[in-house]
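In the working numbering, the protein residues as written are 1 to 279.
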Amino acid sequence: MQIVRQLAPLQDALTELRKPGLKIGLVPTMGALHAGHMRLVEVAREHCDAVVASIFVNPTQFGEGEDLDAYPRQETADAALLEAAGVELLWAPTADQMYPSGYATSISVIGVSDGLCGAARPGHFDGVATVVAKLFNQTRPDAAFFGEKDYQQLAVIRRMARDLDFTHDIIGVATVRDPDGLALSSRNAYLSEAERERAVALPAAMREAAGAIAAGGEVAAILADAKSRILASGFHKIDYLELRDADTLALLDVFAKPARLLAAARIGRTRLIDNIPVE
């Protein structure tokens with residue numbers, strides 16, 4: 001596996017990959033890889049002839065007081081995982097390659113970025129959209145793969161790709177979970193042992209609520225009950241627990257297909273997000 005950090009060598013490496021007419025898949029990450037990321041690589045290999053993974057901890061998507069400096073960085077271990085999974089190229093740019101001196105451009109995707117994590121993290125999705133657009137331009141993939149765990153992020157990227165005429169496929173991959181149901185996340189490493197045991201209450205309450213909503217229950221009452229159970233389990237704050245249209249992310253007071261139940265809640269110093277389809 002090649003590891004490239006500068007734009008000119010990246011273009012040379014991609015040219016060589018494309019010479020045989022290979023279809024290239026892109027898996028963008030911020031590193032600290034876990035089984036969820038490796039599932040993205042697996043799906044990318046199923047769809048494409050060659051896989052390019054990127055690792056870049058993007059400063060523009062971290063707000064004031066967020067965990068940019070504390071975000072886990074383990075490139076050597078990550079690179080070993082990617083190489084073992086058959087990734088052909090790791091794009092690990094330096095900060096000055098992504099944001100050189102004088103950089104002055106940002107992409108804002110309105111609508112799907114409003115509310116949910118967009119309300120709790122102002123400017124976050126501008127940073128996401130900007131860095132992903134740059135990664136698309138740098139690598140020119142035939143398909144790009146993103147986890148559904150960050151569902152609002154996926155919606156933002158899909159909207160941005162449509163609006164800016166990126167023509168490659170944007171493929172969402174189902175959330176990978178631990179056996180007890182907790183969605184895999186790099187931020188799970190921040191949980192203490194006791195917090196990890198209690199954290200499973202979030203997906204459990206969401207599954208029950210989704211089932212009750214799909215069965216025709218009253219949405220507001222079901223969500224209020226789920227919030228009470230999540231807080232009683234040891235979470236100290238719920239940023240949101242909402243039913244949204246799965247495509248537009250419009251808020252739903254009454255269940256209508258396709259729908260998605262999305263949540264963000266805080267336990268200890270960790271903010272966990274999750275979502276599940278309501279079917």
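Glycine residues also receive a C-beta, built at the ideal position from the N, C-alpha and C atoms. On a predicted model such as this, the values are computed, not experimentally measured, just so you know.
- Unbroken alpha helix (DSSP H) run spanning Gly36, endpoints: Numbered from its first residue, the sequence shown carries residue 36 at position 36. 35-47 is the span of the alpha helix (DSSP H), which, as asked, contains Gly36.
- If you draw a straight line from the C-alpha of Val200 to the C-alpha of Ala13, how long is it? As a working note, residue 200 is residue 200 in the sequence shown. As a working note, residue 13 is residue 13 in the sequence shown. Between Val200 and Ala13, the C-alpha separation is close to 43 Å.
- Integer Cβ distance of Cys117 from Gln61, believed to fall under 8 Å: Translated into the one-based positions of the sequence shown, residue 117 becomes position 117. Translated into the one-based positions of the sequence shown, residue 61 becomes position 61. Contact flag wrong, Cβ pair sits at about 10 Å.
- For Pro28, three-class secondary structure by DSSP: Residue 28 sits at position 28 when you count from the first residue of the sequence shown. Pro28 falls in the strand class under three-state DSSP.
- Local conformation of Leu90 per DSSP, three classes: On the sequence shown, residue 90 is found 90 positions in, with the first residue counted as 1. Of the three classes helix, strand and coil, the one that applies to Leu90 here is strand, per DSSP.
- State yes or no: is the C-beta of Lys19 within less than 8 Å of the C-beta of Asp49? The residue you call residue 19 lines up with position 19 of the sequence shown. The residue you call residue 49 lines up with position 49 of the sequence shown. Their beta carbons are not under 8 Å apart, which means Lys19 does not touch Asp49 by this criterion.
- Query: Do Arg159 and Gly111 have their C-beta atoms closer together than 8 Å?
  - Reply: As a working note, residue 159 is residue 159 in the sequence shown. As a working note, residue 111 is residue 111 in the sequence shown. Contact flag set, yes.
- Query: Thinking just about the alpha-carbon of each residue, which of Gly127, Gly31, Ala119 is nearest to the one in Ala80?
  - Reply: Start at 1 with the first residue of the sequence shown, and residue 80 comes out as number 80. The shortest C-alpha separation from Ala80 is found at Gly31.
- Message: Based on DSSP bridge pairs, tell me the residues matched to Ser54.
- Response: Taking the first residue of the sequence shown as 1, we reach residue 54 at position 54. Partner(s): Pro28, Trp91.
- Excluding the five sequence neighbours on either side, which residues of its own chain have a C-beta within less than 8 Å of the C-beta of Glu347, listed in chain order? The requested residue 347 does not occur in the structure, where the chain is confined to residues 1 to 279.
- Message: As a quick exercise: from Thr167, Ile170, His124, Gln2, pick the residue whose alpha carbon is nearest that of Glu64.
- Response: Position 64 of the sequence shown holds residue 64. When only C-alpha atoms are compared, the closest one is His124.
- Item | Element boundaries [beta strand (DSSP E), containing Pro277] | Translated into positions along the sequence shown, residue 277 becomes position 277. Looking at the DSSP string, the run of the beta strand (DSSP E) that includes Pro277 is 270-278.
- Item | Three-way DSSP call (helix, strand, coil) for Val71 in this model | As a working note, residue 71 is residue 71 in the sequence shown. According to the sequence displayed, residue 71 carries Tyr and not Val. Residue state, collapsed to three classes: coil.
- Output the boundary residues of the beta strand (DSSP E) element that contains Gln2. Translated into positions along the sequence shown, residue 2 becomes position 2. First-last of the beta strand (DSSP E) with Gln2: 2-4.
- Query: With distances taken from CA atoms, which of Gly217, Met206, Leu231, Ala232 is nearest Leu261?
  - Reply: Counted from its first residue, the sequence shown places residue 261 at position 261. Closest by alpha carbon: Met206.
- Query: Looking only at its own chain, which residues have a Cβ that is under 7 Å from the Cβ of Gln6, when we skip the five neighbours before and after it?
  - Reply: The sequence position of residue 6 within the sequence shown is 6, counting from 1. Only Gln97 meet the Cβ criterion.
- What is the DSSP secondary structure of Gly102, counted as helix, strand or coil? Against the sequence shown, residue 102 aligns to sequence position 102. Correct three-state label for Gly102: coil.
- Which one of Asp163, Ser54, Phe255 has the shortest CA to CA distance from Arg91? Numbered from its first residue, the sequence shown carries residue 91 at position 91. Here residue 91 is Trp; the residue named in the question, Arg, does not match the sequence. Checking every option, the nearest Cα to that of Trp91 belongs to Ser54.
- Touch test, the region 25-39 against the region 130-145, Cβ-Cβ under 8 Å, three pairs minimum: yes
- Determine the contact status of Glu195 and Gly268, defining contact as a CB-CB distance below 8 Å. In the sequence shown, residue 195 corresponds to position 195, counting from 1. In the sequence shown, residue 268 corresponds to position 268, counting from 1. Taking 8 Å as the Cβ cut-off, Glu195 and Gly268 qualify as a contacting pair.
- Query: In terms of residues, what are the limits of the alpha helix (DSSP H) holding Tyr151?
  - Reply: As a working note, residue 151 is residue 151 in the sequence shown. 151-163 is the extent of the alpha helix (DSSP H) around Tyr151.
- With 16 other CB atoms within 10 Å as the buried threshold, where does Asp253 fall? What you label residue 253 is simply residue 253 of the sequence shown in a count that begins at 1. Exposed, by the Cβ-count rule.
- If you draw a straight line from the C-alpha of Ala133 to the C-alpha of Asp78, how long is it? For the purposes of this step, residue 133 is identified with residue 133 of the sequence shown, where counting begins at 1. For the purposes of this step, residue 78 is identified with residue 78 of the sequence shown, where counting begins at 1. Answer to the nearest angstrom: the Cα atoms are 23 Å apart.
- Task: For Val173, name the three-state secondary structure that DSSP assigns.
- Result: Working through the sequence shown from its first residue, we reach residue 173 at position 173. Val173 falls in the strand class under three-state DSSP.
- Quick one: give me the first and last residue of the alpha helix (DSSP H) that Lys134 is part of. Taking the first residue of the sequence shown as position 1, residue 134 is located at position 134. Note, Lys134: alpha helix (DSSP H), 124-139.
- Task: Would you mind stating whether Tyr287 and Val51 have Cβ atoms separated by less than 8 Å?
- Result: With the chain covering only 1 through 279, there is no way to say anything about residue 287.
- In this structure, does DSSP put Ala64 in helix, strand or coil? The sequence position of residue 64 within the sequence shown is 64, counting from 1. The amino acid occupying residue 64 in the given sequence is Glu; Ala does not appear at that position. It is coil, neither helix nor strand.
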